[in-house]
Amino acid sequence: MLDLTGLAQVHRLDLEAGVVEVDAGISLDRLLRVVLPLGLTLPVQPGTRQVTVGGAVACDVHGKNHHTAGSFGRYVRSLVLLTGAGDAIRLKPRGPDPELFWGTVGGMGLTGVVLRVELELRRVETSRIVVRAERQPDLHGVMDALREHDRTAEYSVAWFDSLAQGAATGRGVVMTGRDAVRDDLTAAQREDPLHVPASRRVQVPHTPLCAVNGVSGRAFNEAYFRRAPRRPSTRVEHAFGFFQPLDGLQSWNRLYGPRGLVQYQLVIPDAASEVVVEVVREVAASGHVSCLNVLKRFGPGTPGLLSFPAPGWTLALDLPVRAGLDAVLDRLDARVAEAGGRLYLAKDSRLPRRHLPTMYPRLGEFAELRHRADPGGLFVSDLARRLGLHRPTEGNLHDA
Ligand SMILES: Cc1cc2nc3c(=O)[nH]c(=O)nc-3n(C[C@H](O)[C@H](O)[C@H](O)COP(=O)(O)OP(=O)(O)OC[C@H]3O[C@@H](n4cnc5c(N)ncnc54)[C@H](O)[C@@H]3O)c2cc1C
35 MLDLTGLAQV
45 HRLDLEAGVV
55 EVDAGISLDR
65 LLRVVLPLGL
75 TLPVQPGTRQ
85 VTVGGAVACD
95 VHGKNHHTAG
105 SFGRYVRSLV
115 LLTGAGDAIR
125 LKPRGPDPEL
135 FWGTVGGMGL
145 TGVVLRVELE
155 LRRVETSRIV
165 VRAERQPDLH
175 GVMDALREHD
185 RTAEYSVAWF
195 DSLAQGAATG
205 RGVVMTGRDA
215 VRDDLTAAQR
225 EDPLHVPASR
235 RVQVPHTPLC
245 AVNGVSGRAF
255 NEAYFRRAPR
265 RPSTRVEHAF
275 GFFQPLDGLQ
285 SWNRLYGPRG
295 LVQYQLVIPD
305 AASEVVVEVV
315 REVAASGHVS
325 CLNVLKRFGP
335 GTPGLLSFPA
345 PGWTLALDLP
355 VRAGLDAVLD
365 RLDARVAEAG
375 GRLYLAKDSR
385 LPRRHLPTMY
395 PRLGEFAELR
405 HRADPGGLFV
415 SDLARRLGLH
425 RPTEGNLHDA
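Under my numbering, read the sequence shown as residues 35 to 434, first letter to last.
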């Protein structure tokens with residue numbers, strides 16, 4: 035196990051160009067606390083800031099603006115990779131060695147260790163977001179609204195209730211947003227437009243609220259839906275609260291009980307949109323309780339060989355681990371693969387190996403690249419072993 039969090043320095047910050055060079059072990063939280071007060075931000079922010087820049091590169095992470103801005107790898111100007119041969123080499127998207135660069139972006143750490151990253155930042159006038167929330171009565175309403183916002187909203191995401199019964203199944207709240215400018219702020223907020231709050235985390239109770247049965251899950255979903263105003267409404271919110279709401283809760287995972295949760299996240303192309311509805315229905319019918327459901331639009335992906343995002347829908351379901359869950363998810367894996375979709379490896383702990391070549395068609399290229407960068411197979415992980423990525427021979431990849 036390599037812990038890179040000790041490598042966490044900012045080496046260079048070019049305010050004029052909006053470019054920063056950092057050690058890969060720096061967290062997004064720490065980096066944002068350096069750059070945000072200076073009017074710069076990360077162009078792509080995942081749902082937690084408690085991840086490292088190296089992890090964000092290795093998973094080519096996405097945020098609420100994927101449909102307009104793409105994923106993290108798009109903003110990496112260069113990176114320094116420590117290969118299995120012991121060389122530290124600087125890679126860039128257009129060379130030197132663009133193949134190894136795009137194998138490393140989204141490559142789950144299997145081409146070597148990212149030591150340093152040179153990142154493009156984005157200029158902002160304030161640290162806040164103008165957020166608009168609208169309720170939708172069912173899943174089709176949620177999907178139509180998200181499609182509509184593709185063209186107009188900088189940020190968009192939807193939460194929906196898969197536990198509501200009858201016609202209300204999939205009712206949801208669609209949130210869109212844009213960076214706030216000074217004129218959006220109140221007079222008090224304008225005194226410190228780039229304010230960054232101190233980190234404060236509320237400890238969640240040690241009660242498995244979502245794991246016991248559907249009752250608490252239903253109550254949570256009902257409360258969440260009711261909290262959203264009946265009519266579309268707009269408010270100004272801090273970017274931290276909008277992008278990373280869970281970061282305010284310490285140990286939120288305990289809500290799922292001692293057996294934990296599986297976050298089942300998939301992407302489905304537009305041509306197979308109906309699979310999104312099928313997956314939600316099948317989970318609801320199985321009796322498993324999906325407490326938190328998030329739906330989002332993706333735009334074009336990066337050239338990352340194992341990068342997850344692809345145009346269409348991404349759906350994430352948080353499911354407490356219970357007997358029988360694997361059988362349900364096994365059926366869904368097959369449906370997702372057949373529809374031209376894939377699962378997100380960053381969130382995966384159970385996908386059977388046989389689906390990988392269909393879900394990630396550039397796996398063969400990745401295998402060759404990994405062999406070149408790490409011929410001795412020095413860098414391995416449980417995920418690589420389970421999915422057969424550690425010994426990348428053609429036979430092995432197709433071995434079910
Ligand atoms: C609450 C929550 C919300 C999330 N929301 C999102 C989201 O909105 N969008 C999204 O895309 N993801 C999201 N994620 C997933 C998360 O962004 C990724 O799993 C991220 O990669 C974790 O980074 P880490 O630094 O913790 O890496 P780890 O979990 O330690 O490692 C993840 C992978 O990256 C590799 N890796 C890590 N550092 C390096 C390095 N320096 N060099 C090479 N390889 C490395 C590891 O080998 C491993 O394969 C979320 C996760 C949580 C817990």
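Quick reminder that beta carbons are idealized off the backbone N, C-alpha and C, glycines included.
Using only the heavy atoms of ligand 1, determine whether one of them is closer than 6 Å to the beta carbon of cysteine 325.
Every heavy atom of ligand 1 is 6 Å or more from the Cβ of cysteine 325, so no.
My output table needs one value for tyrosine 298: the three-state DSSP class, helix, strand or coil.
Taken through DSSP and simplified to helix, strand or coil, tyrosine 298 comes out as strand.
Does DSSP put histidine 100 in a helix, in a strand, or in coil?
Here histidine 100 sits in helix by DSSP.
So what's valine 114 in DSSP terms, helix, strand or just coil?
In this structure, DSSP gives valine 114 an extended state, which the three-state scheme calls strand.
On the CB-based measure, 16 or more other CB atoms within 10 Å of its CB, does arginine 288 come out buried or exposed?
Under this definition arginine 288 is a buried residue.
In the DSSP assignment, what residue or residues form a beta bridge with leucine 351?
Answer is Tyr298 and Asn327, bridged to leucine 351.
Check whether the Cβ atoms of valine 301 and alanine 361 lie closer than 7 Å to each other.
Taking 7 Å as the cut-off, the beta carbon of valine 301 is found no closer than this to the beta carbon of alanine 361.
So for leucine 289, helix, strand or coil by DSSP?
Judged by DSSP in its simplified three-state form, leucine 289 adopts helix.
Give a single yes or no on whether leucine 280 has its beta carbon closer than 6 Å to a heavy atom of ligand 1.
Yes.
Once DSSP output is grouped into helix, strand and coil, what is the label at alanine 344?
For alanine 344, the three-state secondary structure derived from DSSP is coil.
Residues near glutamine 284 by beta carbon distance below 6 Å, same chain, minus five either side
Taken in chain order, the residues that qualify are Arg235 and Gln237.
With distances taken between CB atoms, is the gap from valine 87 to valine 68 smaller than 7 Å?
No, the Cβ-Cβ distance between valine 87 and valine 68 is not below 7 Å.
Pick helix, strand or coil for threonine 392, following the three-state DSSP scheme.
Helix, per DSSP.
Please output, in chain order, the residues near ligand 1 using a CB cut-off of less than 5 Å to any non-hydrogen atom of the ligand.
In chain order, the residues that have a beta carbon nearer than 5 Å to some heavy atom of ligand 1 are Leu38, Ala58, Pro80, Gly81, Thr82, Val85, Thr86, Gly88, Gly89, Ala92, Cys93, Val95, His96, Met142, Gly143, Val147, Val148, Leu280 and Ala380.
If you draw a straight line from the C-alpha of histidine 389 to the C-alpha of proline 227, how long is it?
The straight-line gap from Cα to Cα measures roughly 48 Å.
Taking all protein chains shown into account, decide if alanine 198 is buried (16 or more other Cβ within 10 angstroms of its Cβ) or exposed.
The C-beta of alanine 198 has 16 or more other C-beta atoms within 10 Å across all chains shown, which makes the residue buried.
Residues in its own chain within less than 8 Å of methionine 142 by CB, not counting five upstream and five downstream?
Non-local C-beta neighbours of methionine 142 in its own chain, meaning closer than 8 Å and more than five positions away in sequence, comprise Ala92, Cys93, Leu340, Leu379, Ala380, Ser415, Leu417, Ala418 and Leu423, ordered along the chain.
Are the CB atoms of glycine 206 and valine 176 nearer to each other than 7 Å?
Contact flag set, yes.
If you reduce the DSSP assignment to three classes, tell me which class glutamate 154 lands in.
Of the three classes helix, strand and coil, the one that applies to glutamate 154 here is strand, per DSSP.
From Val95, Val328, Ala407 and Val151, residue whose alpha carbon lies closest to that of glutamate 55
Ranking Val95, Val328, Ala407 and Val151 by Cα distance to glutamate 55 puts Val151 first.
By alpha-carbon positions, which one of Ser250, Val370, Glu256 and Gly89 ends up nearest to proline 386?
Looking from the CA of proline 386, the closest CA among Ser250, Val370, Glu256 and Gly89 belongs to Val370.
When burial is assigned at 16 or more other CB atoms within 10 Å of the CB, is leucine 36 buried or exposed?
A residue is called buried when at least 16 other Cβ atoms come within 10 angstroms of its Cβ; leucine 36 does not meet this threshold and is exposed.
Just the C-alpha distance for arginine 156 and valine 313, rounded to the nearest angstrom, thanks.
Cα-Cα distance, rounded: 36 Å.
Sheet register partners of glutamate 168 (DSSP bridge)
Beta-bridge pairing links glutamate 168 to Val208.
Does DSSP classify alanine 192 as helix, strand or coil?
Alanine 192 carries a strand assignment under DSSP once its states are collapsed to helix, strand and coil.
Bridge partners for serine 61 per DSSP, in chain order?
Note: serine 61 sits in a beta bridge opposite Thr86.
Would you kindly work out how many angstroms separate the C-alpha atoms of leucine 173 and valine 309, rounded to a whole number?
Distance between the alpha carbons of leucine 173 and valine 309: 12 Å.
Nearest to alanine 319 by alpha carbon, out of Gly104, Thr203, Thr39 and Glu159?
Of Gly104, Thr203, Thr39 and Glu159, the residue nearest in Cα terms is Thr203.
Look at leucine 295 and aspartate 352 and say whether their C-beta atoms are less than 7 Å apart.
The Cβ atoms of leucine 295 and aspartate 352 lie closer than 7 Å to each other.
Leaving aside the five residues before and after alanine 201 along the sequence, list all residues of the same chain whose C-beta is less than 7 Å from its C-beta, in chain order.
Excluding sequence neighbours, alanine 201 sits near Asp172.
Where does the unbroken beta strand (DSSP E) through arginine 404 begin, and where does it stop?
It is not in any beta strand (DSSP E) - arginine 404 instead sits in the alpha helix (DSSP H) that spans 397–407.
Can you tell me where the alpha helix (DSSP H) holding valine 139 begins and where it ends?
Where valine 139 is concerned, there is no enclosing alpha helix (DSSP H), given that its DSSP letter is neither H nor E.
Taking tyrosine 290 and leucine 363 to be in contact with their CB atoms under 8 Å, please state how far apart those CB atoms are, rounded to whole angstroms.
Approximately 16 Å separates the beta-carbon atoms of tyrosine 290 and leucine 363; this is outside 8 Å, ruling out the contact.
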